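Student: Residue numbering for the sequence shown is 6 to 224, as defined by this note's numbering.
We treat Cβ as the ideally placed atom computed from N, Cα and C, and that holds for glycine.
Since we're looking at a predicted model, the values are computed, not measured.
The following block contains the structure, expressed as structure tokens.
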Amino acid sequence: TTTIPLSRRQGLADIALRYSIPIIEDDAYTMLCDDPVTPFADLAPELTYYITGTAKCFGPGLRSAFLHAPGKRQTQRISGAMRALSVMSSPLTDALVSTWIADGTADAMLKAVRTEGSARLKLAEHYLGRNHISGAAGAFHLWLKLPKASNWNPSELAVHLRSLGVSAVASAAFSTDNNPPDALRICYGGPISRDNWEEGLQQLADVIEQPAFLLSNTH
């Protein structure tokens with residue numbers, strides 16, 4: 006639902022460089038962005054272990070990943086550790102991924118995923134209003150700020166939505182303190198049709214327009 010901006014990355018990279026702090030960069034969604042933000046691996050290449058993969062962008066069953074270490078010595082050490090833990094990755098999966106990259110299938114799939122994601126985000130903006138959601142092209146999630154008039158508790162709302170077949174996660178799951186915002190995280194990257202997504206948005210919009218006590222009294 007949000008991406009660290011370049012200015013913040015530069016500040017963090019400067020601190021890491023000053024104190025020689027290694028950076029582990031998990032950039033699982035970067036391939037979905039048309040114009041991704043400069044990674045830490047470019048800002049502090051001598052400290053960054055850069056990780057990306059295919060599962061988040063192409064499908065959870067395609068579990069192939071790539072790791073770029075800061076230098077030759079670190080590459081040798083981490084390669085040995087990975088072989089000790091898992092022996093090897095799946096040759097069939099890696100061969101499939103390599104073929105798709107080489108013949109252009111991967112690029113075509115990413116383009117289709119980006120197009121569908123953008124269409125679903127536009128539907129969310131239509132039903133929920135741009136002022137109430139935070140999302141980005143190339144993302145699979147959006148952040149929904151609940152209207153004050155609805156007086157919904159995010160956790161109770163998430164439970165109510167699940168009873169309607171709409172999946173949402175309350176803001177408390179992503180909060181580091183005891184004062185989470187009145188918000189939900191909504192996923193729109195699941196294996197559902199666009200019609201199903203639109204139907205879920207309609208249900209969500211109808212629910213948050215109603216004060217919480219009205220719907221809670223119907224159960």
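Since G3 is in the alpha helix (DSSP H), which residue starts that stretch and which ends it?
Tutor: No information on residue 3 is available, as it lies outside the stretch 6 to 224 that the chain covers here.
Student: Measuring CA to CA, which of G205, D182 and L151 is closest to A217?
Tutor: As a first step, residue 217 is located in the sequence shown; it is residue number 212 there, counting from the start. Among G205, D182 and L151, the Cα nearest to that of A217 is on L151.
Student: How about the stretch 182-195 and the stretch 141-156: do they share at least three Cβ pairs that are nearer than 8 Å?
Tutor: A contact exists between the stretch 182-195 and the stretch 141-156.
Student: Note the first and the last residue of the continuous alpha helix (DSSP H) segment covering E203.
Tutor: As a first step, residue 203 is located in the sequence shown; it is residue number 198 there, counting from the start. Residues R199 to E214.
Student: Within 10 angstroms of the Cβ of F145, are there 16 or more other Cβ atoms? Answer buried if so, exposed if not.
Tutor: Translated into positions along the sequence shown, residue 145 becomes position 140. The residue is buried, with at least 16 neighbouring Cβ atoms inside 10 Å.
Student: Is the beta carbon of S94 less than 8 Å from the beta carbon of S69?
Tutor: Translated into positions along the sequence shown, residue 94 becomes position 89. Translated into positions along the sequence shown, residue 69 becomes position 64. The answer is yes: Cβ separation under 8 Å.
Student: Taking the alpha carbon of R178 as the point to measure from, which residue in A163, E214 and H137 has its own alpha carbon closest?
Tutor: Residue 178 sits at position 173 when you count from the first residue of the sequence shown. Here residue 178 turns out to be Ala, not Arg, going by the sequence shown. Measuring from the Cα of A178, the nearest candidate turns out to be A163.
Student: Which residues does DSSP list as the beta-bridge partners of V174?
Tutor: Reading the sequence shown from its first residue, position 169 is the one you call residue 174. Bridge partners of V174: R190.
Student: Whole angstroms is fine: what's the gap from L48's alpha carbon to G76's?
Tutor: As a position in the sequence shown, residue 48 is number 43, starting the count at 1. As a position in the sequence shown, residue 76 is number 71, starting the count at 1. C-alpha separation (whole angstroms): 15 Å.
Student: Whose C-beta lies closer than 7 Å to the C-beta of H224 among residues of the same chain, with five residues either side of it excluded?
Tutor: Within the sequence shown, the letter at position 219 stands for residue 224. Low per-residue confidence applies at H224: pLDDT is 49, beneath 50, and the placement is therefore not dependable enough to give any value.
Student: In chain order, what residues of the same chain lie with their CB nearer than 8 Å to the CB of N156, ignoring the 5 residues before and after it?
Tutor: Here the question's residue 156 lines up with position 151 in the sequence shown. The answer, listed in chain order, is P216, A217 and F218.
Student: Rounded to whole angstroms, what is the Cα-Cα separation between I28 and D211?
Tutor: What you label residue 28 is simply residue 23 of the sequence shown in a count that begins at 1. What you label residue 211 is simply residue 206 of the sequence shown in a count that begins at 1. Approximately 44 Å, taken between the alpha carbons.
Student: Quick one, are the C-beta atoms of F63 and R14 less than 8 Å apart?
Tutor: For this step, residue 63 is matched to residue 58 along the sequence shown. For this step, residue 14 is matched to residue 9 along the sequence shown. Taking 8 Å as the Cβ cut-off, F63 and R14 do not qualify as a contacting pair.
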